[in-house]
Amino acid sequence: MASVNILISSVILTVIFVATITDGETTSKKKENKDRKQFSFTEKQRYDGWFNNLAHPNWGAIDSHMTRKTPPAYSDGVYMLAGQDRPSPRKLSQLFMKGDDGQRSAKNRSALLAFFGQVVSSEVVMASESGCPIEVHRIEIEKCDEMYDPECQGGKSIPFHRAGYDRKTGQSPNNPREQLNRVTSWIDGSFIYSTSEAWINAMRSFENGTLLSDASGKLPVKNTMRVPLFNNPVPNVLRTLSPERLFLLGDPRSNQNPALLSFGNPLLSHGTTWWRARCVRKKGTTPDWPTRAVPES
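Numbering (the numbering used here), first residue to last: 6 to 302.
Structure below.
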């Protein structure tokens, strides 16, 4: 009889112990699910420009048609290059830009202002890049051009790639060729953070909401992951160099010139510092939130 009582007591204790553990696990899972649900219903900024305007969710999204303020002026009304009877772009460039160097700005502005304009334009538009398949055309060069035809041989030209377009257009006069904007038309930081989830993930450290930086913490990392940054052949060597020498930023054109990098690097550094402070503050109030949830919120 005593052994039966001991057995019953052991069973009861085991049931109580298991129930306590199960209840603890259930409470933990409920809390975890609550945090996950809280994050899943938190409004997050998309990188591709969709849903910034809920009434018109596709406004400003990547790969949208460029907006026309005037009718198209193709030479055939559909797709052929306009201006084939106009002066060469090289000739116009020489006329407009040729002059004495070293003249100061009448409004005390430096050349950096022009590159800041390039940053702003890169933030909202990328439509001049070549399409696929590549269309190659020529800019005619006048005979005896001081740079391109110093020996006065004549017949020289500069090749260029025509901008890409929506392949469903350019087929009839009522459906002329339409160019695409490859970035968002919103000023949403895409020059720094890119328009792609995969791209920004390659830039993340996944620690306190920060992005990867070099050992000094002042510069972005080099592109060792080979993210598809623009890597055109360098003129003085006439070949493409390793993409791993480039700085990893959100815009594929960010390594185009030193002035553009001089804006991209501090903007990235400032953004990382701001995210780190916000992440620490957010983690203090909601410690169970995943690290990546903070910048996405």
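Quick reminder that beta carbons are idealized off the backbone N, C-alpha and C, glycines included.
Tell me which residue opens and which closes the beta strand (DSSP E) that residue i is part of.
i	result
residue 162	162 to 166
If I follow the unbroken alpha helix (DSSP H) through residue i, where does it start and stop?
i	result
residue 125	117 to 129
residue 197	195 to 198
residue 206	202 to 208
residue 102	94 to 102
DSSP beta-bridge partners for residue i?
i	result
residue 225	218
residue 144	163
residue 57	According to DSSP, which records beta bridges pairwise, residue 57 is partnered with nothing at all.
residue 244	239
residue 252	227
residue 70	185
residue 135	168
residue 180	177
How big is the Cα-Cα spacing for residue i and residue j?
i	j	result
residue 191	residue 91	34 Å
residue 272	residue 158	48 Å
residue 89	residue 80	8 Å
residue 100	residue 151	13 Å
residue 59	residue 194	20 Å
residue 176	residue 129	28 Å
residue 120	residue 141	28 Å
residue 213	residue 56	27 Å
residue 245	residue 118	30 Å
residue 160	residue 255	41 Å
residue 277	residue 207	15 Å
residue 61	residue 166	33 Å
residue 106	residue 115	13 Å
residue 102	residue 138	33 Å
residue 77	residue 174	13 Å
residue 275	residue 178	49 Å
residue 73	residue 65	14 Å
residue 222	residue 239	28 Å
residue 136	residue 163	19 Å
residue 209	residue 230	12 Å
residue 260	residue 204	16 Å
Any beta carbon from chain D within less than 8 Å of residue i's own beta carbon?
i	result
residue 142	Annotation note: the requested chain D is absent from the structure, which comprises a single protein chain.
Between the beta-carbon of residue i and the beta-carbon of residue j, is there less than 8 Å?
i	j	result
residue 87	residue 132	no
residue 241	residue 234	no
residue 250	residue 127	no
residue 186	residue 69	yes
residue 4	residue 67	Residue 4 falls outside the range modelled here, since the chain spans only 6 to 302, and no answer is possible.
residue 124	residue 196	yes
residue 183	residue 170	yes
residue 217	residue 252	no
residue 237	residue 248	no
*Taking contact to mean at least 3 C-beta pairs separated by less than 8 Å, is the stretch 192 to 203 in contact with the stretch 48 to 57?*
yes
*With contact counted as at least three CB pairs below 8 Å, one residue from each stretch, are the stretch 82 to 100 and the stretch 138 to 146 in contact?*
yes
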